[in-house]
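Here is the structure we will look at.
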Ligand code: 13P
Ligand code: SF4
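Encoded structure:
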């Protein structure tokens, strides 16, 4: 995680109204030179200023579509700002209002660990090994995957990307055919492979903190999937007791959760899908529907506020909050825009040319397989 210097004290003395008016004035002043992107997990106090909202991939593509804007202020986390820099032109600059807004899951797969794991897994696993990385990973990891014949995926297209990586290998057809190294989220990997019909026994967890990933040579030869030992610290909080508590209620709640949740939770849920899937499922459901949702709390609250004719609650009684997304607030946004208006670019996120080239290869393979939906402004 990167370190963010504390802001000058004057920002702490501003009232909410002063911050809001100040940001709106600066937005007007910067005009078409500026675009603000906001991830669905951001606080409302930030989302109100976003020109576009979306999940991580949509926002990166939106960044790429903003050819007029010189500055893209990304209200999200560091790997998203990196993806935006990879997909935008050299002329455009991507800024993250608080540099310490990282992602604990992306931090669980360090490029040095991947470089150490790769020869072990390719030598011992037998057959072709295809690396797949969730977009929630560093640019360096994406570039490694691009260089080694693999692709990125998102939570909405992981199934298609896994099918591509397996290249016809199917459950029950023995151990020949491609194998997959899936990182950094073991849960998305497990949930997706299982949904494709693969048994849990065909999956091994590779732990980068243990010698040889904590695996024995005989296990390596039989596994189809190597799931990197990473997880989302927000979605992993949902558990089976939460599901049981919802099932015990009198109201007919449907349980809808993100595939970053544990396998047991996804198995017990009624529907499992990406952030965009969750939004669509709720918005398209009839009035009076009851939803218990297993995802980040700001999105759950926004869905509840936007769908007052439905009963919407978190799957958990506890607040499942992404603390790094939460670091982006009005004060940091104000400071970033004020600096821009004065001609200073602060908190720029850049990816070097070589990393960018290979990361684009991994992203392009994914986009070729699964073009995403057209994107609309808020
Ligand atoms: P998406 O933005 O792709 O839905 O991923 C969820 C998430 O955890 C973002 O960090
Ligand atoms: Fe990372 Fe999870 Fe936060 Fe998304 S919600 S940024 S995966 S920690």
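Numbering (the working numbering), first residue to last: 281 to 658.
Cβ atoms here follow ideal geometry from the backbone N, Cα and C, with glycine treated the same way.
It should be emphasised that the depicted structure is a prediction, and the values quoted were computed from it without experimental measurement.
Residue nearest to residue 576 in terms of C-alpha spacing, selected from 463, 323, 299 = Each of 463, 323, 299 was checked against the Cα of residue 576, and the nearest Cα belongs to 323.
Validate contact between the segment 476-495 and the segment 356-365 using beta carbons, cut 8 Å, 3 pairs | no
For residue 641 versus residue 430, is the C-beta distance shorter than 7 Å?
-> no
Could you tell me whether the segment 555-568 touches the segment 579-595, where touching means 3 or more Cβ pairs closer than 8 Å?
-> yes
Among the residues of its own chain, which have a CB less than 8 Å from the CB of residue 443, if the five just before and after it don't count?
-> 476
Which whole-angstrom value is the C-beta distance of residue 368 and residue 343, which I expect to be below 8 Å?
-> 5 Å
Report all residues for which the CB-ligand distance to some heavy atom of ligand 2 is below 5 Å; order them along the chain.
-> 357, 383, 384, 385, 416, 512, 514, 602
Any idea if residue 613 is buried or exposed, counting beta-carbon neighbours within 10 angstroms, 16 or more meaning buried?
-> buried
Thinking C-alpha only, which one of 372, 303, 301 is nearest residue 630?
-> Distances from the alpha-carbon of residue 630 to those of 372, 303, 301 put 372 closest.
Can you tell me where the alpha helix (DSSP H) with residue 363 in it begins and where it stops?
-> 358-367 is the span of the alpha helix (DSSP H), which, as asked, contains residue 363.
Sheet register partners of residue 374 (DSSP bridge) = 352
Boundaries of the alpha helix (DSSP H) in which residue 424 is found, first to last residue | From DSSP, the alpha helix (DSSP H) with residue 424 extends over 419-427.
Compute the minimum distance between the beta carbon of residue 434 and the heavy atoms of ligand 1, and state whether it is under 6 Å.
-> yes
Assigned secondary structure, residue 431 (DSSP; H/G/I helix, E/B strand, else coil) = strand
List the whole-angstrom C-beta distance separating residue 596 from residue 538, where the pair is believed to meet the contact cut-off of C-beta under 8 Å.
-> In fact, because the Cβ distance is near 12 Å, the residues do not count as touching under 8 Å.
Residue 569 by DSSP, collapsed to three states: which one?
-> coil
Mind checking whether residue 479 and residue 508 have CB atoms under 7 Å apart?
-> No.
Candidates 383, 404, 459, of which the one nearest residue 410 by Cα = Closest option to residue 410, judged by alpha-carbon separation, among 383, 404, 459: 459.
Residue 333 Cβ short of 6 Å to ligand 1 heavy atom set = no
From what residue to what residue does the beta strand (DSSP E) around residue 319 run?
-> Residue 319 -> beta strand (DSSP E) spans 314-319.
Do the CB positions of residue 616 and residue 394 come within less than 7 Å of each other?
-> no
Per DSSP, residue 334 is paired with what?
-> 319
From the DSSP output, read off the bridge partner residues of residue 574.
-> Answer is 537, bridged to residue 574.
At which residue ranges does the segment 488-559 contain complete beta strand (DSSP E) runs of 3 or more residues, listed in the order of the chain?
-> 505-508, 534-537
Mapping DSSP to helix, strand and coil, what is residue 486?
-> strand
On the three-state DSSP scale, how would you describe residue 643?
-> helix
Taking the alpha helix (DSSP H) that residue 306 falls in, what are its first and last residues?
-> 296-310
Should residue 641 be counted as a contact of ligand 1 given a C-beta to heavy atom distance under 6 Å?
-> The nearest non-hydrogen atom of ligand 1 is 6 Å or more from the C-beta of residue 641.
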